[in-house]
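The block underneath contains the structure these notes are about, expressed in structure tokens.
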Amino acid sequence: MDTADLGLPVDVPSTALFTDRYELTMLQAALRAGTADRRSVFEVFTRRLPEGRRYGVVAGTGRVLDAVENFRFDSDVLDFLAQQRIVDEPTLAWLADYRFRGDIWGYPEGEVYFPGSPIMRVEGTFAEAVLLETVILSIFNHDSAVAAAASRMSTAAGGRPLIEMGARRTHELAAVAAARAAYVGGFATTSDLAAGFRYNIPTVGTSAHAFTLLHDSERDAFTAQVQAHGSGTTLLVDTYDVAEAVRTAVEVAGKDLGAVRIDSGDLLLLAHRVRQQLDELGAKNTRITVTSDLDEYAIASLAAAPWTRTGSAPSWSPAAATPPARWSTSWSRGPVRTPRTRRCCRWPRSPWARSPRWAAANGRRGAWTSTVWPRPRWSAPVRSPRSWRAISCWWSWCAAARSWPGSRWTRHGTGISPPGPGCRSRRPSSRAASRSCPPST
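Heads up, the sequence shown is in the numbering used here, so the first residue is 215 and it goes up one at a time.
Right, here's the structure in full:
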């Protein structure tokens, strides 16, 4: 397989076809109608969070900026569109020169978000911005779901390092993005070498049960591993009898044995027994690593266990974990109409009116609809903002103002370039703990 197929930075492919067909059919109609150049704003948000979750974690911003930079229609893509008769010749000519020249605003990666909070805003002409909808939502829906789950696991671990080991349970390309998102969400390392290569994430890994079974005895397997990697390696002790394996591991590697790994059974009970046995054998500095299909609840149940680090191999299924993000028009300049709704409010420091509409039945959010009339001379041209939610009902305007551009919001440049070499990530479990997120180059 070519390295470009893995998404590695050798020959970056175009992302122009990572979109839905109706984006292009809308573009063609807008070009014919003369409305394609109207100034528009699109926002990314989520309506709700999964049951039991109080916050989400932003991840994927760097990948979004990369995707926007590479969103270009080369000759192969244009030939495909022409052969399939998806758009007409004038639209193909317009796409041949496509470059996004607008602005992208958004939360930094690692920040928390809540329902109704727009985590990214894309400003530009309708024609330039509408084409980016699918690829932006695709990235955010996956990465933010993984980061939110990783953040909860990191919080449950209480500061003990976590190893991301989910590559074998997802698509090979999605595994790279998932490892990055888990790192943003608080994981310390990954087992995926492609993620380590592309994003400079620390990688770990020693041996599996197959290596032990390869040898005539467990002692032979431990001896071979220690000779190859030194006494500081991690020995897997649950292939046969755990107590016997721990005893053999200390005999082979000595009291300076780096760590032992438990991959099956009652991890809480075995961790206590192994810790006691290691201390009795004089290997008091030997660490214990527990690995399994662990989620935040399983990790929390192991809080009392004397393990040093844990490896989790979750399925990373964001579709089941997080309600999808949404993309909607916030407003558009031009000869438009002003929405008339039951409530009217304004964004802090913003001249543009935002008008949510509430459904009466069961007190739940209904479809975003509005009755329009010709706008008065004094009003700002707006669109009914599908993205605005009930933030004003539970969040004071002062708090909302603090989250406007200049504080929590980060403007990612004019066009697509983020400021500086990277961004800053915070673990939601600690506002004081921060680190640079992995570069997306």
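For glycine and all other residues, C-beta sits at the position ideal for the given N, C-alpha and C. In this text, all values refer to a predicted model and were calculated from it rather than measured experimentally.
Quiz prompt | Spatial distance of L482 from S331 (CA atoms) | solution = The alpha-carbon atoms of L482 and S331 are separated by roughly 39 Å.
Quiz item: Is the beta carbon of L376 sitting closer than 8 Å to the one on A402?
Solution: yes
Quiz item: In chain order, which beta strand (DSSP E) runs of at least 3 residues are fully inside the region 454–520?
Solution: Uninterrupted beta strand (DSSP E) stretches at least 3 residues long and entirely within the region 454–520 occur at 473–476, 501–506, given in chain order.
Quiz item: Does D251 have its Cβ less than 8 Å from a Cβ in chain D?
Solution: Absent here is chain D; the protein component of the structure consists of one chain.
Exercise. With V360 as the anchor, note down where its alpha helix (DSSP H) starts and where it stops.
Key: 347–371
Exercise. Would you mind working out which of F340, S289, G316 sits nearest A307, comparing C-alpha positions?
Key: S289
Practice problem: Output the boundary residues of the beta strand (DSSP E) element that contains E283. | Solution: E283 -> not in any beta strand (DSSP E); alpha helix (DSSP H) instead, spanning 275–283.
Exercise. Below 7 Å CB to CB, which residues in the same chain sit around A230 once its five sequence neighbours on both sides are set aside?
Key: F285, R286, F287, V291.
Practice problem: For the beta strand (DSSP E) holding E265, just list the boundary residues, first then last. | Solution: Segment: none, E265 is in no beta strand (DSSP E) and carries neither H nor E.
Exercise. Using only alpha-carbon positions, find the residue among M379, A422, F259, L345 that is nearest to A244.
Key: When M379, A422, F259, L345 are compared, the shortest CA-CA separation from A244 is found for L345.
Exercise. Buried or exposed for R366, please, with buried defined as at least 16 other CB atoms from any protein chain shown within 10 angstroms of its CB.
Key: buried
Quiz item: Are three or more beta carbon pairs between the region 320–334 and the region 250–268 nearer than 8 Å?
Solution: yes
Quiz item: Around the C-beta of E494, are 16 or more other C-beta atoms found within 10 angstroms, so that it is buried, or is it exposed?
Solution: exposed
Practice problem: From the DSSP output, in three-state form, read off E289 for me. | Solution: According to the sequence displayed, residue 289 carries Ser and not Glu. In the structure shown, S289 sits in a helix (DSSP, three-state: H, G or I).
Exercise. In angstroms with no decimal places, state the Cα-to-Cα distance between S506 and G525.
Key: In a straight line, the C-alpha of S506 is about 7 Å away from that of G525.
Quiz item: So what's V721 in DSSP terms, helix, strand or just coil?
Solution: Coverage of the chain is limited to positions 215 through 655, which leaves residue 721 absent and any answer about it impossible.
Quiz item: Looking only at its own chain, which residues have a Cβ that is under 7 Å from the Cβ of A296, when we skip the five neighbours before and after it?
Solution: Spatial neighbours of A296 in its own chain (CB-CB distance under 7 Å, excluding positions within 5 residues in sequence) are listed in chain order as L306.
Self-check item: Beta-carbon separation (whole angstroms), S405 vs A381, contact threshold 8 Å
Solution: 6 Å
Exercise. Could you spell out where the alpha helix (DSSP H) holding V440 opens and where it closes?
Key: 432–443
Quiz item: By how many angstroms is the C-alpha of Q439 removed from the C-alpha of A396?
Solution: 29 Å
Self-check item: Cβ neighbours of F232 in the same chain (closer than 6 Å, five flanking residues each side left out)
Solution: V349
Quiz item: Roughly how many whole angstroms lie between the Cα atoms of S254 and M379?
Solution: 41 Å
Quiz item: Going straight from the alpha carbon of A389 to that of D434, what length do you get?
Solution: 34 Å
Quiz item: Using CA coordinates, which residue listed in I318, R267, R252 is at the minimum distance from A281?
Solution: With distances taken between Cα atoms, A281 lies closest to I318.
Quiz item: G266 to D293, Cα distance in whole Å?
Solution: 48 Å
Exercise. Could you have a look at S410 and say whether DSSP puts it in helix, strand or coil?
Key: This sequence places Gly at residue 410; Ser is not what is there. If DSSP states are grouped into helix, strand and coil, G410 belongs with the helices.
Self-check item: T305 (DSSP reduced to helix, strand or coil)
Solution: Correct three-state label for T305: helix.
Quiz item: Can you tell me whether DSSP reads L231 as helix, strand or coil?
Solution: coil
Quiz item: In this structure, does DSSP put F294 in helix, strand or coil?
Solution: Taken through DSSP and simplified to helix, strand or coil, F294 comes out as helix.
Quiz item: F256 to V336, Cα distance in whole Å?
Solution: 5 Å
Practice problem: Using only alpha-carbon positions, find the residue among D480, L492, D477 that is nearest to V460. | Solution: L492
Quiz prompt | Residue range of the beta strand (DSSP E) that includes F259 | solution = 253–260
Exercise. Tell me whether M334 sits in a helix, a strand or coil according to DSSP, three-state version.
Key: strand
Practice problem: Would you mind reading off the limits of the alpha helix (DSSP H) that contains E386? | Solution: 386–398 is the span of the alpha helix (DSSP H), which, as asked, contains E386.
Self-check item: Three-state class that DSSP yields for Y327 in the structure shown
Solution: strand
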